[in-house]
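Heads up, the thing below is written out as structure tokens.
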Ligand code: CP
Ligand code: NVA
């Protein structure tokens with residue numbers, strides 16, 4: 003892989019992503035396989051999690067390794083102890099760290115002082131492991147990633163940022179529809195546009211969900227209120243009310259369009275129950291695919307090609 007750490011999708015090249023997805027497919031078929039015996043993953047989480055924690059822990063165990071979970075209260079990142087000391091100490095024990103935190107700067111600081119690779123298990127800025135599982139899910143349901151027309155409708159958040167960058171590297175035609183004040187930052191849009199230029203993809207931003215969803219093969223949304231934004235809940239509910247994925251909006255997508263959501267979901271807010279619980283929804287495939295992608299990421303970081311060739 004391009005870098006020691008996986009803090010952002012921009013740490014990966016399109017070749018890295020293709021390799022990770024191919025390995026994820028193989029590791030999905032392999033099930034339990036001892037390729038990371040003697041290796042330890044430390045999970046450092048400052049926010050709650052169901053999927054990310056489960057899939058990382060299970061991935062490590064199914065590959066023959068071991069893992070230790072450290073909860074927010076135990077770690078006290080930046081309070082009980084500095085990120086520098088935590089990273090220096092943890093990398094004396096563990097071979098890889100998966101960190102769920104708030105500021106992207108915390109991840110950068112940890113990565114700087116950790117000899118072990120650091121994986122972003124979600125920050126306020128990005129959720130790269132989710133985007134990789136989303137690509138695997140899209141490739142399970144569609145013929146080629148490159149031909150996909152993807153509509154992301156909702157908040158320009160961590161999930162949107164990683165998805166935009168990953169989709170752009172894969173050459174997708176991506177339409178991002180958000181309220182104007184909740185769109186992604188200029189640098190991200192520019193970077194994604196550069197990726198799209200190289201890959202033959204396209205990026206379009208709009209405040210009109212109808213424009214974004216027209217003929218889309220994949221319709222994606224996420225919560226309107228991310229972890230840490232709870233106080234903004236009433237205001238966000240109002241601003242985003244026109245961005246709900248309803249059956250009527252979904253009907254404007256391509257005939258075989260799939261519906262995606264990283265979960266946790268809020269029925270009646272960003273998505274209608276008929277859509278998320280309906281036949282177009284692949285949200286459980288997405289959740290399951292987190293396991294296989296996490297396995298591929300861990301295998302690459304802890305042994306790369308060597309590990310893969312032992313299979
Ligand atoms: N999608 C996702 O990351 O879920 P968790 O927050 O439950 O890990
Ligand atoms: N955007 C959401 C994703 C949860 C997996 C959040 O950060 O809370």
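Numbering (the working numbering), first residue to last: 3 to 313.
Beta carbons: idealized from backbone N, C-alpha and C, even for Gly.
All values reported here derive from a predicted model rather than from experimental measurement.
Legend entry - Beta-carbon proximity check, residue 185 vs residue 158, cutoff 7 Å: Going by C-beta atoms, residue 185 is nearer than 7 Å to residue 158.
Inset, instruction - At 4 residues or longer, and completely inside the segment 177 to 229: list those alpha helix (DSSP H) runs for me, N to C. - result: 188 to 201 and 211 to 215
Inset, instruction - Can you tell me which of the three DSSP states residue 262 falls into? - result: strand
Inset, instruction - May I have the straight-line CA-CA distance separating residue 1 from residue 207, to the nearest angstrom? - result: Absent from the model: residue 1. The displayed extent of the chain is 3 to 313, so no value can be given.
Legend entry - Distance CB(residue 295)-CB(residue 135) smaller than 7 Å: yes
Inset, instruction - Mind checking which residues open and close the beta strand (DSSP E) that includes residue 45? - result: Counted as a single uninterrupted DSSP element, the beta strand (DSSP E) harbouring residue 45 occupies residues 42 to 47.
Inset, instruction - Check whether the Cβ atoms of residue 77 and residue 46 lie closer than 7 Å to each other. - result: yes
Inset, instruction - Keeping to the same chain, check which residues put their C-beta closer than 8 Å to that of residue 307; ignore five residues upstream and five downstream. - result: Since pLDDT at residue 307 reaches only 44, below the 50 mark, its modelled position is unreliable, and the value read off the structure follows with that caveat. So the list is empty, once near-sequence residues are dropped.
Legend entry - Residue span of the alpha helix (DSSP H) that contains residue 14, given as start and end: Residue 14 -> no alpha helix (DSSP H), and no H or E assigned at all.
Legend entry - Residue span of the alpha helix (DSSP H) that contains residue 139, given as start and end: 130 to 143
Legend entry - Spatial distance of residue 235 from residue 227 (CA atoms): 6 Å
Inset, instruction - With a threshold of 6 Å, establish whether the CB of residue 193 neighbours any heavy atom of the ligand CP. - result: no
Inset, instruction - Could you please give me the residues that DSSP links to residue 175 through a beta bridge? - result: Beta-bridge pairing links residue 175 to 151 and 204.
Legend entry - residue 307 in three-state terms, based on DSSP: Note on residue 307: pLDDT 44, under 50, position unreliable in the model; no value is reported.
Inset, instruction - Could you confirm whether any beta carbon from chain B is found closer than 7 Å to the beta carbon of residue 279? - result: Reference to chain B is not applicable here, since this structure consists of a single protein chain.
Legend entry - Exposure label - residue 108; buried when at least 16 CB within 10 Å: buried
Inset, instruction - Give me the Cα-Cα distance between residue 72 and residue 255, rounded to the nearest whole angstrom. - result: 42 Å
Legend entry - Endpoints, alpha helix (DSSP H) assigned at residue 53: In the DSSP annotation of this structure, the continuous segment of the alpha helix (DSSP H) that includes residue 53 starts and ends at 53 to 64.
Inset, instruction - Using a threshold of 7 Å, state whether the C-beta atoms of residue 214 and residue 177 are closer than that. - result: Residue 214 is a Cβ neighbour of residue 177, given a cutoff of 7 Å.
Legend entry - Reduced DSSP category for residue 96 - H, G, I as helix; E, B as strand; rest coil: Reduced to three states, the DSSP call for residue 96 is coil.
Legend entry - DSSP beta-bridge partners of residue 68: Residue pairing by DSSP places residue 68 opposite 42 in a beta bridge.
Inset, instruction - Rounded to whole angstroms, what's the CA-CA distance from residue 12 to residue 122? Just pull it up for me. - result: One Cα belongs to residue 12, the other to residue 122, and the distance between them is close to 12 Å.
Legend entry - Cα-Cα separation between residue 16 and residue 166, rounded to whole angstroms: Cα to Cα, the separation comes out at about 13 Å.
Inset, instruction - Counting only the same chain and skipping the five closest in sequence on each side, list residues whose C-beta sits under 8 Å from that of residue 249. - result: Apart from sequence neighbours up to five positions away, the residues of its chain that approach residue 249 with a beta-carbon distance below 8 Å are 274, 276, 277 and 280, ordered along the chain.
Inset, instruction - Classify residue 97 as buried or exposed, calling it buried when 16 or more other Cβ atoms lie within 10 Å of its own Cβ. - result: buried
Inset, instruction - Determine the burial state of residue 238: buried for a count of at least 16 other Cβ atoms within 10 Å of its Cβ, exposed for fewer. - result: Residue 238 should be labelled buried.
Legend entry - contact_flag[the segment 23 to 34, the segment 133 to 149] where n(CB pairs < 8 Å) is 3 or more: In short, these stretches touch, since the Cβ pair count reaches three.
Inset, instruction - Locate the alpha helix (DSSP H) running through residue 278, then write down its first and last residues. - result: 275 to 278
Legend entry - Buried versus exposed call for residue 4 [16 or more other C-beta atoms within 10 Å across all chains shown]: Classification of residue 4: exposed, given that the 10 Å Cβ count is below 16.
Legend entry - residue 82 - partner residues in DSSP beta bridges: Looking at the DSSP assignment, residue 82 forms no beta bridge with any residue, so it has no partner.
Legend entry - Alpha-carbon to alpha-carbon, residue 283 and residue 2: Residue 2 lies beyond the stretch modelled for the chain, which goes from 3 to 313, so this question has no answer here.
Inset, instruction - Quickly, what does DSSP pair residue 247 with across the bridge? List them, please. - result: 273
Inset, instruction - Confirm, please, whether the CB-CB distance from residue 61 to residue 297 is below 7 Å. - result: yes
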